[in-house]
Amino acid sequence: MLHNKMAVSLALGLALLVNSLFALPVQGAVIEDLEQVAAVIAPEAYRELSARVNNYTRIYRVEEGDTLERIARRYQADPELVAAMNYMEIDAVLAPGQFLVLPYVAEETYTVVAGDTLWSIARRYGTSVESLAAANGIVDARRLQIGTVLTIPGSPGGVPVTRVEKAPVSRGIGPASFFWPLIGAITSGFGWRDSEFHHGLDIAGKVGDYVRAAWSGVVAFAGWGNDIYGNMVKIDHGNGLETVYAHNSRNLVKAGDYVRAGEALAEVGDTGNATGPHLHFEIREKGKAVNPERFLKR
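If you want it as structure tokens, here you go:
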């Protein structure tokens, strides 16, 4: 009898502990402290989850009624990207209390210049006019004054990661941070190829397959590169990092566009010096091509 009472007390105590950890509003479903997660899941599951967390991701605790599409819409992310980051199908059924990894974009500022509109700024940074207006207390979007410093809201929630360290590479983007822009066989790697140096990876694909952004950034160039690269897109990710996507049959973005990681930006082709349909993918660090496999997720 005493043993049963102790067991019940222990169970109630654990329930109270879990409730106190997660008695948060909807926005609080973004977990700030991973030790909270470690307290309620198995060590092996925690190790797997924490290994996927870095400066560009956040942990989210599923609420009652959540779906991947609803979560992605709430935090202005691509539902397919959220599903892929969690090894799920887009229509996967979620359970309350389940933990997901979400893409994270840090809050930043922008100074309004001549010709800017709230819509054009929101489009550049991949956010909504409503979120931008709410973050800056703007009532009349038509009255946007030159020189005004706007806050570009981060997503999700602007919560800093704690107790998670990753080896820094290129001022914050760590090893294996980038997503594969195309899933396919690598037909040519980075390095010497006969008598010439190959500056990227060639990834096989079919004409029309989507080429996706390996990470978020601003399109620095989209158009005909030269007779070697053909139709290409170049994205500036900041801190001296750029990615290049070449031989495209069609580009889906233009210079100045802001793209999120995983967003479709071109279609596979064989333009330029290409023997068949494939993507030539480069990562450049301060203008110098580096081995993309240093940055791509395993």
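The numbering used here runs 475 ahead of the 1-based position in the sequence shown. For every residue, glycine included, the Cβ atom is placed at its ideal position computed from N, Cα and C.
{"Asked": "Separation of Met560 from Ile658, as counted between CA atoms", "Found": "14 Å"}
{"Asked": "Buried/exposed call for Arg617, threshold 16 Cβ in 10 Å", "Found": "exposed"}
{"Asked": "Test item: CB-CB of Thr711 and Val686 under 9 Å", "Found": "Note that residue 711 is Asp in the sequence shown, not Thr. Going by C-beta atoms, Asp711 is not nearer than 9 Å to Val686."}
{"Asked": "Other residues of its chain near Ala741: CB distance less than 7 Å, five sequence neighbours each side excluded", "Found": "Val686, Val708, Tyr720, Asn723, Arg725, Asn726 and Leu727"}
{"Asked": "The stretch 564-584 touching the stretch 658-667, judged by at least three CB pairs closer than 8 Å", "Found": "no"}
{"Asked": "Per DSSP, cross-strand counterpart(s) of Ile534", "Found": "Ile506 and Val576"}
{"Asked": "8 Å Cβ shell around Lys729 - same chain, five flanking residues per side excluded", "Found": "Val694 and Ala697"}
{"Asked": "Meets three-Cβ-pair contact criterion under 8 Å: the stretch 502-518 and the stretch 528-547", "Found": "yes"}
{"Asked": "Beta-carbon proximity check, Arg533 vs Leu577, cutoff 9 Å", "Found": "yes"}
{"Asked": "Contained beta strand (DSSP E) runs [length at least 3] in the stretch 734-771, N- to C-terminal order", "Found": "739-742, 753-760 and 763-765"}
{"Asked": "Spatially closest choice to Ala567 from Val537, Gly590, Val614 and Ser670, by CA coordinates", "Found": "Val537"}
{"Asked": "Within 9 Å, strictly: CB atoms of Tyr535 and Val505", "Found": "yes"}
{"Asked": "Inter-residue Cα distance where the pair is Gly747 and Glu523", "Found": "42 Å"}
{"Asked": "CB contact flag (Asn766, Phe653, <9 Å)", "Found": "no"}
{"Asked": "For Tyr600, three-class secondary structure by DSSP", "Found": "coil"}
{"Asked": "Identified DSSP bridge partners for Met707", "Found": "Gly698"}
{"Asked": "CB contact flag (Asp745, Gly700, <9 Å)", "Found": "no"}
{"Asked": "Chain-order list of residues whose beta-carbon lies under 6 Å from that of Gly629 (same chain, five-residue window excluded)", "Found": "Val580, Ala581 and Glu582"}
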